[in-house]
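Keeping their order, the protein sequence lines are chains L and Z. 0 is the number of the first residue of the first sequence in numbering that gives the first Met the number 0; add one for each residue after it. 0 is the number of the first residue of the second sequence in numbering that gives the first Met the number 0; add one for each residue after it. In this text, a Cβ means the ideal position worked out from N, Cα and C, and glycines have one as well. Predicted model, so just to flag it, every value in this text is computed and none were measured.
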Amino acid sequence: MSNNNLIKGSLQTIILKLLEENERMYGYEITQKVKELTAGEIKITEGALYPALHKLEADGLLTTEIEQVDNRVRKYYSLTKGGQKEVDNKMAELQGFVENLQRILNPTWNPGLT
Amino acid sequence: MRNLTAIELQAIKCAIVRKEISSAEILMEVYDHYVSHLQEFEEDDFDGQMAELEEKFTYGYCHALQANLQKNLRKDISKSQWLIIKNYFCFSKLIYSLGLLLILFTVSMNLRSEDQYFLMMYVPIILLAVFSIFVLFNWRKRTRIAKSIFAEQKDIIKSYLSEALVLRITLPVLILNGLLQMSKIFLNIHEIPFAFLPQISLVLTMGLMFYGISLFEVWKIKSKTSLI
Numbered sequence: 000m001s002n003n004n005l006i007k008g009s010l011q012t013i014i015l016k017l018l019e020e021n022e023r024m025y026g027y028e029i030t031q032k033v034k035e036l037t038a039g040e041i042k043i044t045e046g047a048l049y050p051a052l053h054k055l056e057a058d059g060l061l062t063t064e065i066e067q068v069d070n071r072v073r074k075y076y077s078l079t080k081g082g083q084k085e086v087d088n089k090m091a092e093l094q095g096f097v098e099n100l101q102r103i104l105n106p107t108w109n110p111g112l113t
Numbered sequence: 000m001r002n003l004t005a006i007e008l009q010a011i012k013c014a015i016v017r018k019e020i021s022s023a024e025i026l027m028e029v030y031d032h033y034v035s036h037l038q039e040f041e042e043d044d045f046d047g048q049m050a051e052l053e054e055k056f057t058y059g060y061c062h063a064l065q066a067n068l069q070k071n072l073r074k075d076i077s078k079s080q081w082l083i084i085k086n087y088f089c090f091s092k093l094i095y096s097l098g099l100l101l102i103l104f105t106v107s108m109n110l111r112s113e114d115q116y117f118l119m120m121y122v123p124i125i126l127l128a129v130f131s132i133f134v135l136f137n138w139r140k141r142t143r144i145a146k147s148i149f150a151e152q153k154d155i156i157k158s159y160l161s162e163a164l165v166l167r168i169t170l171p172v173l174i175l176n177g178l179l180q181m182s183k184i185f186l187n188i189h190e191i192p193f194a195f196l197p198q199i200s201l202v203l204t205m206g207l208m209f210y211g212i213s214l215f216e217v218w219k220i221k222s223k224t225s226l227i
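Structure representation (structure tokens):
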């Protein structure tokens, strides 16, 4: 089953979290990192990645820097101060959602016991 | 990771040129993605991987990215400029703003002729014009790499951020001109009464000064991080 629909809602959180841990990354690097961390189970499509990155940049959560690599220009993304604060909010929001989802899917599940 | 051959690089460029991307920002990001991805695969896999990329980066997708970038940039410049202007009235910078206001007030109170008042109003407009020429010059310089890689479409490549900024610089002049024309057409006012000139020239000069300085600060911030 394609998990693209499941990832869509949490893509911004994934990007923010990765940038919190890796300081600065470029678009292709983000797709590869997600693939590596999930052993290929989750693949971020370029179709969703770049609009999400540009949206986060426009919202002031990401800043960019340009670097010349070989004979081309590479755009690196990193968190702004606002973005650093937003990571915690987004993570708490996602964790809350996952816990609620667990309760729905498995009513006997108790987070305190795991 | 391997280095791509000249033929492979040419194939990438041809594929991207077909998308008719005009934004240097998007063009360079897409090109970097293609090269970074294809470098990870052996020569035998090049065609297959290239076809996969072409399925993802379609003409429509690239143009949607451009349109979104254009929309976001306008919002981003407005937001940044507004934040900077608000900052001028914070405690730390208030003294400079009041100083500037005092200087302009003193100048406007000491002018005697109509020509002198108009000259006062023209100073910030001239500064805005110089600033826009400076941005345009930088735009050409900063998009040089993109133009050298994609020589076939160099005439359409532009920095969307610079374009948005230049539009923003010319905006007050367009609005002023519009207001003057409208007052002539609808209110039949062909010249500003001399009694109002000190106040009008002070407000306009001050407004344009703040506008120009704040936009210059936006440019300073953006020039560190983008293609302008």
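Please work out which residues of its chain come closer than 7 Å, Cβ to Cβ, to residue i, disregarding the five sequence neighbours upstream and downstream, and give them in chain order.
i	result
R167/Z	I76, L214
L93/L	S9, T12
T113/L	Bear in mind that a pLDDT of 49 at T113/L, under 50, signals an unreliable position, so the number given afterwards is only what the model happens to contain. There are no such residues.
A145/Z	A23, L26, M27, I156
F45/Z	E7, L37
Q80/Z	S213, L214, V217
List the endpoints of the continuous alpha helix (DSSP H) containing residue i.
i	result
S77/Z	58–87
I174/Z	159–185
L78/L	Unbroken run through L78/L is the beta strand (DSSP E), 71–78; no alpha helix (DSSP H).
G98/Z	90–109
R143/Z	143–148
Y225/Z	Residue 225/Z is actually Ser in this sequence, not Tyr. No alpha helix (DSSP H) holds S225/Z; DSSP gives it neither H nor E.
D46/Z	45–55
G8/L	That residue, G8/L, is in no alpha helix (DSSP H); it is neither H nor E in DSSP.
K12/Z	5–16
P50/L	45–57
Using a Cβ-Cβ cut-off of 6 Å (strictly less than) and excluding sequence neighbours within five positions of residue i, which residues of its own chain qualify?
i	result
L196/Z	Y116
S234/Z	Outside the shown range of chain Z, which is 0 to 227, sits residue 234/Z, and nothing can be said about it.
L127/Z	I168, G211
Return the first residue and the last residue of the beta strand (DSSP E) that residue i is part of.
i	result
M24/L	23–25
E66/L	61–68
Rounded to whole angstroms, what's the CA-CA distance from residue i to residue j? Just pull it up for me.
i	j	result
F104/Z	L201/Z	6 Å
L135/Z	A14/Z	29 Å
F185/Z	Y49/L	48 Å
I65/L	I94/Z	36 Å
Y25/L	Q101/L	33 Å
E151/Z	R1/Z	26 Å
A5/Z	Y121/Z	53 Å
H32/Z	N99/L	37 Å
Pull up the DSSP beta-bridge partners for residue i, would you.
i	result
S22/Z	K157/Z
For the ligand PLP, any of its heavy atoms closer than 7 Å to the Cβ of residue i?
i	result
L52/Z	No copy of the ligand PLP occurs in the structure displayed, which carries no ligand at all.
Between residue i and the rest of its own chain, which residues show a CB-CB distance below 8 Å, the 5 nearest in sequence each way excluded?
i	result
I41/L	N2, I6, V33, K34
Are the stretch 18–38 of chain Z and the stretch 61–70 of chain Z in contact at 8 Å, needing three or more beta carbon pairs? yes
Does the contact criterion of 3 or more C-beta pairs under 8 Å hold for the stretch 14–21 of chain L versus the stretch 77–90 of chain L? yes
Does the stretch 22–30 of chain L come close enough to the stretch 28–40 of chain Z to have 3 or more Cβ pairs within less than 8 Å? yes
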